[in-house]
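K.L.:
This is the structure I want to talk about, given as structure tokens.
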Amino acid sequence: ESSYPMKKKIFLGLLIIGTIAIGYLREYIFVSINVQLKLTPENNYLYFMKWLFTLLFSIIYFLISCGFVCLCFEKKFLWLVTYIYLLLFGVSLIMIAIGYFTNTFASVYPFTRTIMGIAQSPVVIMLVIPVCLISKKIV
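For the sequence shown, the numbering used here begins at -13 and goes up steadily by one.
Structure below.
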């Protein structure tokens, strides 16, 4: 039982390293796609891949956030991570739909991109950790 905290520290360290590595991988992929899009802006396949990678990396960061919460706090805080991601996806989808159906997609895209940028980064876990810490002290 005394080795459990060491295992927890190792997993936490690996999760941190993994989070950083995933961030670099994501950046590399998107920069590479954007370079190719500048050369061939009509390439619909690359636009599709950007959307697919956005979804993929958002799911990966959701799982990473859940991993941090499970390692550092009680599992009851998983609802918070889930609600934040549902909110990010929901607002983004609503904005995309509004932009699509009102022919204002170009106007709403920067806002949607920012929201999904949050979902594809460690920002959510940076917000959740203080909430969990404060909640633990209050309860």
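Glycine included, each C-beta is placed from N, C-alpha and C at the ideal position.
If we require 4 or more residues per run, which alpha helix (DSSP H) segments fall completely within the region 53 to 87?
P.N.:
Taking only runs of at least 4 residues, the alpha helix (DSSP H) segments lying wholly in the region 53 to 87 are 64 to 87.
K.L.:
Residue 23 and residue 29 look like a contact to me (Cβ under 8 angstroms); what is the Cβ gap, rounded to whole Å?
P.N.:
Between residue 29 and residue 23 the Cβ distance is about 6 angstroms, and since that is below 8 angstroms, they are a contact.
K.L.:
By the 10 Å Cβ neighbour count, where 16 or more other Cβ atoms means buried, how is residue 21 classified, buried or exposed?
P.N.:
Result: exposed.
K.L.:
Can you give the beta carbon distance from residue 94 to residue 85, rounded, assuming they're within the 8 angstroms contact cut?
P.N.:
Right, the Cβ-Cβ distance comes to about 4 angstroms (below 8 angstroms), so this counts as a contact.
K.L.:
Considering residue 121, what are the terminal residues of the alpha helix (DSSP H) in which it resides?
P.N.:
Element bounds for residue 121: 109 to 124.
K.L.:
Compute the distance between the beta-carbons of residue 44 and residue 1, then report whether it is under 9 angstroms.
P.N.:
No, they are not a contact pair.
K.L.:
Find the nearest neighbour of residue 47 within the set 110, 118, 120, judged by alpha-carbon distance.
P.N.:
Looking at the Cα atoms, 110 is the closest of the given residues.
K.L.:
To the nearest angstrom, how far is it from the Cα of residue 79 to the Cα of residue 91?
P.N.:
For residue 79 and residue 91, the distance between alpha carbons rounds to 12 angstroms.
K.L.:
Once you ignore the five residues that flank residue 40 on each side, which residues in its own chain have a CB closer than 7 angstroms to its CB?
P.N.:
Hits under 7 angstroms: 102, 106.
K.L.:
In whole angstroms, what separates the C-alpha of residue 55 from that of residue 37?
P.N.:
Answer to the nearest angstrom: the Cα atoms are 27 angstroms apart.
K.L.:
Is it true that the CB of residue 121 sits closer than 9 angstroms to the CB of residue 63?
P.N.:
Yes.
K.L.:
Assign residue 98 to buried or exposed, taking buried as 16 or more other Cβ atoms, counted over all protein chains shown, within 10 Å of its Cβ.
P.N.:
Buried: at least 16 other Cβ atoms inside 10 Å.
K.L.:
Nearest by alpha-carbon distance to residue 112: which of 5, -4, -3, -5 is it?
P.N.:
Of the candidates 5, -4, -3, -5, the one whose C-alpha sits nearest the C-alpha of residue 112 is 5.
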